[in-house]
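The structure under discussion appears below in the form of structure tokens.
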Amino acid sequence: MIPSAWYLQAQRFRRHARQAIKSLFSQADVLIAPATPCSATPIGAEEIVINGQPLPVRASMGMLTQPISFLGLPVVTVPLRTASGKPIGLQLIAAPFNEQACLRAARALETMGITDARVAESAA
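Numbering (our numbering), first residue to last: 449 to 572.
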């Protein structure tokens, strides 16, 4: 259990951060951000290296999605192929309660051939 004061402070911070980011949606319907810090790792990998720092795969692959979840914003993650053929995740983030903007953007990227959800040959 955590002290109630810490919980209340976190909720106040969440509300403040959510208000601050909402202004971005007056300029754009959807924000685009990386969803993962690197391309897909081999099955069974336990470590990734980011900026020269070895990090545990499980705890680190979501480091870029956790802040969006904390803010309670709708998000869709789509796969993009890298030159190596391994996918990297891309987040499509919308204003609160605007899930349809995320889904429309994901569909548009798919229609244009920008996203690619096929299984990588090395994983097949």
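Every residue, glycine too, gets a C-beta built ideally from N, C-alpha and C.
For I541, three-class secondary structure by DSSP:
strand
Go through its chain and collect everything with a Cβ distance to M509's Cβ below 6 angstroms, but skip five positions before and after it.
T484
Quick test of your reading: L538 and P482, contact by CB under 8 angstroms. State the CB separation rounded to the nearest angstrom.
7 angstroms
Distance CB(V478)-CB(A542) smaller than 8 angstroms
yes
Tell me the rounded alpha-carbon separation between P515 and A468.
13 angstroms
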